[in-house]
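Peer 1: 89 is the number of the first residue of the sequence shown in this note's numbering; add one for each residue after it.
So that we are looking at the same thing, I have put the structure below in C-alpha cells.
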Amino acid sequence: MMMPSLDVKSTLSIVFEKSLVLTQRCVQQLCALCVYGVGFLCLMILAITAHTLLNGQHLHLTASIDGQEQMVLDLRPNTK
89 MMMPSLDVKS TLSIVFEKSL VLTQRCVQQL CALCVYGVGF LCLMILAITA HTLLNGQHLH
149 LTASIDGQEQ MVLDLRPNTK
C-alpha cells in the first residue's frame, strides 16, 4: 500500500495564495466602506444644509479639538 507523499512546497504556496486573496478582498471591502461612508456624510451634510436654508432657519456649528477652533459652519438664509 503506497502512501501519497505530501508536497510541502506546493501546500505552502496554496496557503499563501489563498491568504493573499483573502487579504486583498478585505482591503477592497475596507476601501469600499470608506468610500460609502464619505458619500453618506456628504449626503447628510447636503440634506441638513438644504433643510436649514429652505426653512429660513439659522445653523451655527463649531468643531474644536483640544480647545482650538478647527471649523465653523454658519448657515443663514440670504435675506436683505
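Note that the Cβ used here is the ideal one computed from N, Cα and C, for glycine as well.
Quick caveat, the model's predicted, so the values are computed rather than measured.
Figure out for me which residue from T111, A135, V160, S98 has the closest Cα to the Cα of A151.
Peer 2: In the sequence shown, the residue the question calls residue 151 occupies position 63. Among T111, A135, V160, S98, the Cα nearest to that of A151 belongs to V160.
Peer 1: Please go through the same chain and pick out, in chain order, the residues whose beta-carbon is closer than 7 Å to the beta-carbon of A157, but skip the five residues on each side of it.
Peer 2: Sequence index remark: in the sequence shown, residue 157 carries index 69 (1-based). Note that residue 157 is Glu in the sequence shown here, rather than Ala. Here the set comprises T150.
Peer 1: Could you give the distance in angstroms between the alpha-carbon of M132 and the alpha-carbon of G125?
Peer 2: Within the sequence shown, the letter at position 44 stands for residue 132. Within the sequence shown, the letter at position 37 stands for residue 125. Approximately 11 Å between the Cα atoms of the pair.
Peer 1: Can you name the residues that DSSP bridges to V160?
Peer 2: Here the question's residue 160 lines up with position 72 in the sequence shown. T150.
Peer 1: Rounded to a whole number of angstroms, what is the C-alpha to C-alpha distance between V109 and A138?
Peer 2: Here the question's residue 109 lines up with position 21 in the sequence shown. Here the question's residue 138 lines up with position 50 in the sequence shown. For V109 and A138, the distance between alpha carbons rounds to 43 Å.
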